[in-house]
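Participant:
In this note's numbering, the protein residues as written are 1 to 179.
1) I think residue 129 touches residue 115, with their Cβ atoms under 8 Å apart; what is that distance to the nearest whole Å?
2) Counting only the same chain and skipping the five closest in sequence on each side, list residues whose C-beta sits under 6 Å from that of residue 82.
3) Return the first residue and the last residue of the beta strand (DSSP E) that residue 44 is part of.
4) Using three-state DSSP, classify residue 69 as helix, strand or coil.
5) To the nearest angstrom, report how far apart residue 53 and residue 71 are at their CA atoms.
6) So what's residue 87 in DSSP terms, helix, strand or just coil?
7) Roughly how many angstroms separate the alpha carbons of residue 100 and residue 113, rounded to a whole number?
8) Could you tell me the alpha carbon to alpha carbon distance between residue 27 and residue 104, rounded to whole angstroms?
9) So the beta strand (DSSP E) residue 126 belongs to, where does it begin and stop?
10) Just how far apart, CA to CA, sit residue 61 and residue 134?
11) Classify residue 103 as helix, strand or coil using the three-state DSSP reduction.
12) Which first and last residues belong to the beta strand (DSSP E) in which residue 137 is found?
13) What number of angstroms, rounded off, separates the C-alpha of residue 110 from the C-alpha of residue 137?
14) Given a cut-off of 8 Å, decide if residue 98 and residue 41 are closer than it, judged by their beta-carbon atoms.
15) Once DSSP output is grouped into helix, strand and coil, what is the label at residue 119?
16) DSSP on residue 97, reduced to helix/strand/coil?
17) Does DSSP put residue 56 in a helix, a strand or coil?
18) State yes or no: is the C-beta of residue 183 within less than 8 Å of the C-beta of residue 43?
Set out below in structure tokens:
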């Protein structure tokens, strides 16, 4: 169980090896690319919340994310946000505040944490992307309200918050992702 983050997934080829580009070729994207993939992921979630159709969110994910979560499972996982009527369209123009420098893990997954300080409601995010055929595809997604300002040295997981993320389980007011 991942105590503070979204579901992780890694794409494997038929021989069991990682199909992503060699780790020496993968780098943290430039700021303008980070902005684009952050906004795109959250706006895709917003479209799913608005319509109740989580197919596009699932289909835009990395292959292992698609294999792990059906559109119905994603709808269940994010049902609290959907029922709240939250509107995330403001992320298209709101400034992004990162809680820590984006980083790559040993499997070339990109983790980006932060918030949109000018929005009301759930706006803290914890996103994980995986490189698939030259594009960053979502493999983990968590969205939560931030009750106090996230300082650049403070991790979003240190702030008290309600979390919705692809996990397949719900525990009281918090949802945690399983690995």
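Glycine included, C-beta positions come from ideal geometry on N, C-alpha and C.
Facilitator: Taking the coordinates as given:
1) At roughly 18 Å, the Cβ-Cβ gap does not stay under 8 Å, so residue 129 and residue 115 are not in contact.
2) If we look at residue 82 and ignore the five residues flanking it on each side, its Cβ neighbours are 49.
3) For residue 44, there is no enclosing beta strand (DSSP E); the enclosing alpha helix (DSSP H) has its first and last residue at 31-51.
4) For residue 69, the secondary structure class from DSSP, reduced to helix, strand or coil, is coil.
5) Looking at the two C-alpha atoms, the distance is approximately 7 Å.
6) Residue 87 sits in coil when the DSSP states are folded into three classes, being neither helix nor strand.
7) Each residue's CA atom was taken as its position, placing residue 100 and residue 113 some 7 Å apart.
8) Spanning the two alpha carbons is a distance of roughly 8 Å.
9) From DSSP, the beta strand (DSSP E) with residue 126 extends over 124-132.
10) The alpha-carbon separation between residue 61 and residue 134 amounts to approximately 14 Å.
11) Reduced to three states, the DSSP call for residue 103 is strand.
12) 135-144 is the extent of the beta strand (DSSP E) around residue 137.
13) Each residue's Cα considered, the two are about 10 Å apart.
14) No, the pair does not count as a contact, with Cβ atoms beyond the cut-off.
15) Residue state, collapsed to three classes: coil.
16) Strand.
17) Reduced to three states, the DSSP call for residue 56 is helix.
18) In the structure as shown, the chain starts at 1 and stops at 179, and residue 183 therefore has no counterpart that could be examined.
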